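The structure appears below as structure tokens.
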Ligand code: FNR
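Residue numbers (the UniProt record's numbering): 4 to 185.
Given below as structure tokens:
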């Protein structure tokens, strides 16, 4: 059975550089690991009044998270934090109380920004949120990527400058998920 990774993107944008990164990263994975980018753009704004009758899109999202062995968060930074759409998705997955989809899931975080901080503050905020929902996030190595010329090659793969680092990160990440997936 392949290891199933649910990829949760912090950007809804079609041309998102983080979406491109998520796609390229998946190609660095060892055989037997499958990545599935989840849709979060169709989730309603979280409203606690709806806990007793969660929307079909919320139920689908929660089922996808539950069915995965591990999570991969790939997010930009918006105003020094995570985008609201990502927090919205995490809140949905955590409810109703006692029926969270997140508890105990192993996760990795990567982020890409046009700026030199590489979405570092967003990633740190995300770690804080994930602790609250019981996700166990790979502590090291951290991945703060700046979108420089050559990060991606002509095929959309990770370019030579960052390939070794991200390949190594992927190996550590898969080992981390395997540890918790048993
Ligand atoms: C940004 N951007 C940004 N970048 C950053 O490094 N730190 C930040 O605090 C912010 N703040 C911010 C707020 C808002 C509302 C927007 C729309 C953008 C720039 C951001 O990194 C850039 O738009 C990326 O291209 C977004 O990632 P995707 O959509 O390409 O994956």
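Even for Gly, the Cβ is constructed at its ideal location relative to N, Cα and C.
Owing to the predicted nature of the structure, the values given are computational and were not obtained by experimental measurement.
- Counting only the Cα atoms, residue 104 lies some 11 angstroms from residue 63.
- Check the Cα spacing between residue 39 and each of 14, 175, 70 and 20: the tightest is with 70.
- Judged by DSSP secondary structure, residue 84 falls outside any beta strand (DSSP E); it is assigned neither H nor E.
- Exclusion of the five residues before and after residue 184 leaves 72 as the residues of its chain whose Cβ lies within less than 6 angstroms of its Cβ.
- With a threshold of 7 angstroms, the Cβ atom of residue 92 does not count as near ligand 1, since no heavy atom of the ligand is closer than that.
- Here the alpha carbon of residue 4 sits roughly 35 angstroms from the alpha carbon of residue 153.
- In terms of side-chain proximity, the C-beta atom of residue 145 is found no nearer than 7 angstroms to any non-hydrogen atom of ligand 1.
- The C-beta separation of residue 41 from residue 85 comes to about 15 angstroms, leaving the pair out of contact by the 8 angstroms criterion.
- Cβ-Cβ distances below 8 angstroms link residue 79 to 13, 14, 19, 20, 21, 86, 114, 115, 116, 122 and 125 in the same chain, with the five nearest sequence neighbours on each side left out; the list follows chain order.
- Assigned with DSSP and collapsed to three states, residue 163 falls in helix.
- Counting of Cβ neighbours within 10 angstroms places residue 176 among the buried residues, the total reaching 16 or more.
- Judged by the Cβ position, residue 50 fails to qualify as a neighbour of ligand 1 at the 7 angstroms threshold, every heavy atom of the ligand being at least this far.
- Per the C-alpha coordinates, the member of 66, 49, 56 and 59 positioned closest to residue 89 is 49.
- Taking the Cβ of residue 82 as the reference point, at least one heavy atom of ligand 1 falls within a distance shorter than 7 angstroms.
- Assignment of residue 69 by DSSP, reduced to helix, strand and coil, places it in the helix class.
- Where residue 131 is concerned, the enclosing alpha helix (DSSP H) starts and stops at 123-135.
- Counting of Cβ neighbours within 10 angstroms places residue 17 among the exposed residues, the total staying below 16.
- Looking at the DSSP output, residue 116 bridges to 149.
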